[in-house]
Every structure is written in structure tokens, then in C-alpha cells.
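One gets this note's numbering by counting positions in the sequence shown from 1 and adding 7 to each. Note that the Cβ used here is the ideal one computed from N, Cα and C, for glycine as well. See below for the structure under consideration.
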Amino acid sequence: MTDRIADFFAAWGETDAAKRRATIAACMADNFVYCDPRSPGHLTTLDTLVDYVGMYAQMAPGWTAGVIQTEEQNGFARSIVGFGDGGDWAQHGTYFAALNATGQVTTLAGFAGAGGLAQ
Numbered sequence: 008m009t010d011r012i013a014d015f016f017a018a019w020g021e022t023d024a025a026k027r028r029a030t031i032a033a034c035m036a037d038n039f040v041y042c043d044p045r046s047p048g049h050l051t052t053l054d055t056l057v058d059y060v061g062m063y064a065q066m067a068p069g070w071t072a073g074v075i076q077t078e079e080q081n082g083f084a085r086s087i088v089g090f091g092d093g094g095d096w097a098q099h100g101t102y103f104a105a106l107n108a109t110g111q112v113t114t115l116a117g118f119a120g121a122g123g124l125a126q
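Structural data, given as C-alpha cells:
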């Protein structure tokens, strides 16, 4: 059920805008909320989320994101995510997700850092 979380973060490194949009659309439920420390509040439409993730690809060329660890319980998940050039995770975040019955993300809230890992 957490494959969509991994796919969502893999899309952060996708340079093809159409592929990035298709991946994100497949990961998110029709109605969702996304937020993290850098987002401009709650993102609730596919267009705003795709644009936001696209800014990451533009502002950090060559970087990607990847799920390092996920724990799931009863439709909720906690993921540790790394951000970096693919060879080394320079930054980390902790994300909490609510998933619908098909595993799509309905809520995804991110926080800077992951325990003692670099923020």
C-alpha cells in the first residue's frame, strides 16, 4: 500500500513534466491535502502540487527524493525521505500519510529532519 508514497517522491527527480504529472496523479486520491515546511500552505489540487514538485526539479537540478524507510499501520504511514543527488542524501524529512482503500494518498504532511539525520 505504500508504493504510491515511494512513487510520489521518485517523481520529484523526474525532469519530464508530463511523466511527473502522470506519476503524481496516480499517487494522489481525487481529494487530498499536501503540506511541508516549504509549501505555501495546504496544497489541495493536482495542478498546485505538480507545480510545487516541479519547482524542486528546477531549483535543485540533478537532485531527486527517495523513501528510505516506511512504516504502515491501519491506513496510515510514516516515511523517512532523503533528498539529494542520488548518491548521497543531503537532507531528510519525515512524512505522515493517510491512505485510502486503494493506497492512494489522501493526506501527506512533511516535517524537516528525521531524528538526528541532516535536515
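(message) By DSSP's criteria, cysteine 42 is part of a beta bridge. Which residues make up the other side?
(response) Ala116
(request) Return the chain-ordered list of same chain residues with a C-beta closer than 8 Å to the C-beta of threonine 1, the five sequence neighbours on each side being excluded. (result) Nothing about residue 1 can be reported from this structure: the residues present for the chain run from 8 to 126 only.
(message) Counting C-beta neighbours from all protein chains within 10 Å, is the total for alanine 18 16 or more, i.e. buried, or is it exposed?
(response) buried
(request) Specify the secondary structure class of threonine 52 as computed by DSSP and reduced to three states. (result) coil
(request) Assign glutamine 111 to one of three DSSP states: helix, strand, or coil. (result) Glutamine 111: coil per DSSP, three-state reduction.
(message) Can you list, in chain order, the residues of its chain with a C-beta nearer than 8 Å to that of leucine 145? Leave out the 5 residues immediately preceding and following it.
(response) Here the chain covers residues 8 to 126 and nothing more, so residue 145 does not appear.
(request) On the DSSP bridge assignment, give the partners of valine 88 in chain order. (result) Val74 and Gly100
(message) At the level of alpha carbons, what is the spacing between alanine 121 and phenylalanine 90?
(response) 12 Å
(message) Assuming contact is defined by CB atoms lying nearer than 7 Å, are threonine 77 and glycine 93 in contact in what I supplied?
(response) no
(request) Over the uninterrupted alpha helix (DSSP H) stretch that includes threonine 30, give me the two end residues. (result) 24-34
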